[in-house]
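Here's the structure, in structure tokens; my notes come after.
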Amino acid sequence: MTTPTTPAPRRLRRWFVFCLKWGGILLLVGVLALVALVALLWYEFGRPPLDVYACYIVFDRTCSKFDIVGEPGDFQEMAETPFFFSIGRQLKHGKRIDENAPTIFAAEKTLDYVFAAPDQQKAAVVSGQTLYLA
């Protein structure tokens with residue numbers, strides 16, 4: 154005995170409906186995943202301004218609005234109060250980081266720890282398992 158088979162046009166119609174149904178669902182899931190990815194990237198990195206896109210399209214390079222025009226002025230950075238800092242194995246004290254600042258303490262091997270006083274006038278220095286007052 155042979156089993157009755159569905160005629161070819163009916164099978165094709167069923168296959169077409171199946172593909173439409175599941176293909177549409179897969180397409181919808183793919184589009185939603187793409188939208189979620191774009192939203193996540195937008196949230197993480199922010200949207201680049203339109204002039205960046207224009208620079209890519211027109212000039213084939215990135216553009217920057219923050220170019221330095223002319224020479225920068227002479228600027229001396231200084232703190233309001235002196236502080237302790239180290240350069241290499243030397244502990245120094247000054248209002249700015251400078252190699253020519255007076256050396257308060259020079260360690261033989263390493264400066265392990267420096268504990269500054271609240272008024273920033275004295276410091277306790279631990280170097281090679283020895284405590285010094287600078």
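Under our numbering, the residue at position 68 of the sequence shown is numbered 221, and the numbers go up by one with no gaps.
Just so it is clear, CB atoms sit at the ideal spot from N, CA and C, and this is done for glycine as well.
Nearest candidate by alpha-carbon position, reference residue i, set the options
i: GLY281; options: MET231, GLU261, ALA192, TRP175; result: GLU261
i: GLU252; options: ALA277, TRP168, LEU264, PHE238; result: PHE238
i: GLY241; options: LYS248, THR256, THR234, ARG249; result: THR256
Any non-hydrogen atom of the ligand SAM within 7 angstroms of residue i CB
i: ILE240; result: Absent from the structure shown: the ligand SAM. Ligands present: none.
Under the three-state DSSP convention, the category residue i falls into
i: LEU286; result: strand
Residue i classed as buried or exposed, judged by whether at least 16 other C-beta atoms fall within 10 angstroms
i: PHE268; result: exposed
i: LYS174; result: exposed
i: MET231; result: exposed
i: LEU179; result: exposed
i: LEU244; result: buried
i: ALA186; result: exposed
i: ALA259; result: exposed
i: ALA277; result: exposed
**Message:** At 4 residues or longer, what runs of the alpha helix (DSSP H) sit wholly inside the stretch 235-276?
**Reply:** none
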